[in-house]
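Reading through the structure tokens given below for one structure.
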Amino acid sequence: MSDKRFETTHVSREHWFSLGVDTSTGCHYLSIPVSLQIVDYSEYYAIDETEYRAFVADPASAVPLADACRRREHDDRLIVPPPPNRGSAI
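Next comes the structure, spelled out in structure tokens:
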């Protein structure tokens with residue numbers, strides 16, 4: 002088994018998000034980059050199979066969700082809770 006929990010399958014450099022699979026559950030995710038003063042990291046948001054397939058077929062269709070995640074409107078979908086000193090979305 003891989004040491005890497007989150008396996009990226011698609012990257013949108015234009016829209017600053019990625020899609021992939023959480024290898025511990027087999028579920029899909031959308032991730033966005035986040036910056037803290039000393040480190041950059043990713044936040045991983047759960048998406049279902051239908052969303053994943055739609056976003057792979059048309060990456061621009063994921064932009065509204067990615068932007069809402071940047072505004073912290075979908076924290077209920079976070080796979081890993083953020084640290085207390087949460088960074089800012091890039």
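So my numbering is basically just the index in the sequence shown, starting at one, shifted up by 1. Cβ coordinates follow ideal geometry from the N, Cα and C atoms, glycine included.
- DSSP places E8 inside the beta strand (DSSP E), whose first and last residues are F7 to S13.
- I39 sits exposed, since fewer than 16 C-beta atoms from the chains shown fall within 10 Å of its C-beta.
- Around the beta carbon of I91, fewer than 16 other beta carbons lie within 10 angstroms, which makes this residue exposed.
- In the three-state reduction of the DSSP assignment, S62 falls in the helix class.
- Counting every other CB atom within 10 Å of its CB across the protein chains shown gives S62 a total below 16, marking it as exposed.
- Counting every other CB atom within 10 Å of its CB across the protein chains shown gives A58 a total below 16, marking it as exposed.
- Approximately 6 Å separates the beta-carbon atoms of L31 and A67; this is inside 8 Å, confirming the contact.
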